[in-house]
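First comes the structure, then the notes that go with it.
In our numbering, the protein residues as written are 110 to 427.
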């Protein structure tokens, strides 16, 4: 069986017609070319070249072999070209899913980092509810999902990337009653109109458990499905809401204020992947970019909700 090195030397000799030329093309010494060529002829059990005045004249058999070798090298060149395009993101598609809270700000910022590095990479972002995550990964629609809640399925792997917290978002009129950056009396908030979620949803469950621990029943006056809708309702003055800090931070703060809660429940950020498929190189880079954005968002959020900055949208700028 011929080795790739022998085929490479044979191809170079056929193209240049001499040991000297082949050595230059391959950037090796002439003795190396001569030695490989002798081994190749020994294995072939027939002469492949006739030596004459420093030149190598191909035999009839060499001409036949060269046709096959040229085909092999064309395939190798095509493979190298494809690998180079893949590594640059050309004609490649990265498809991921995200919960709405993270799709508004965290994930797009992470995607921007990849876009700057790989301008030809095609990226697709699907906004998913919790109920859609399992099928999205199990059926291979996307290679990963970034979300706020764990997924319980044996075929899926979950990794923690960071965490935020539940906060109160208040219309400007109600916010005036809480001049500090945090709410000290959660029960006092409930005097206002509460925009909330079904208690069976992830947000609703976290909030209802938090209130129950303080002897407060979770009874929203207005019920929505997504935290983004709750914030939009707060902006128009329909009431106040408890949402995750990532959703709250993704909104312009004109029209409402954010207040931290005592012993606020944590909202973790997870990445979910199929255990047998794993992540592509672009998926791994995006995952780390999301991790960095989560850390950066927490820092910006802490600064924005500190005394003197709590109602200023400019403090959340990247």
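Ideal Cβ positions, reconstructed from N, Cα and C, are used throughout, including at glycine.
For residue 116, the CB contacts under 6 Å within the same chain, skipping 5 residues up- and downstream, are 178 in chain order. Annotated three-state conformation of residue 236 is strand, per DSSP.
Residue 356 counts as buried, since no fewer than 16 other beta carbons sit within 10 angstroms of its beta carbon. For residue 341, the closest C-alpha among the options 280, 391, 386 is that of 280. Of 234, 317, 277, the smallest CA-CA separation from residue 208 is found for 234. A straight line joining the alpha-carbon of residue 398 with that of residue 245 spans about 22 Å.
Residue nearest to residue 390 within the set 129, 227, 143 is 227 (criterion: CA-CA distance). Between the segment 145-158 and the segment 166-182, the count of C-beta pairs closer than 8 Å reaches three or more; the two stretches touch. Counting other Cβ atoms within 10 Å of its Cβ, residue 282 stays below 16 and is therefore classed as exposed.
In the structure shown, residue 147 adopts helical secondary structure according to DSSP, grouped into three states. Secondary structure at residue 161: strand, using DSSP grouped into helix, strand and coil. Considering only 312, 258, 252, 306, the residue with the shortest C-alpha distance to residue 329 is 306. Burial state of residue 247 is exposed, judged by a 10 Å Cβ sphere holding fewer than 16 other Cβ atoms.
Taken through DSSP and simplified to helix, strand or coil, residue 260 comes out as coil. Exposure of residue 136 is indicated by the presence of fewer than 16 other C-beta atoms within 10 angstroms of its C-beta.
For the options 217, 111, 396, 381, the alpha carbon positioned closest to that of residue 261 is the one of 381. For the pair residue 237 and residue 185, the Cα-to-Cα distance works out to about 41 Å.
Around the beta-carbon of residue 138, fewer than 16 other beta-carbon atoms lie within 10 Å, marking it exposed. Residue pairing by DSSP places residue 267 opposite 381 in a beta bridge. Taking the Cα positions, residue 124 is about 19 Å away from residue 111.
The three-state reading of DSSP puts residue 123 in helix, counting H, G and I together.
If you draw a 10 Å sphere on the C-beta of residue 203, you find 16 or more other C-beta atoms in it, and that means buried.
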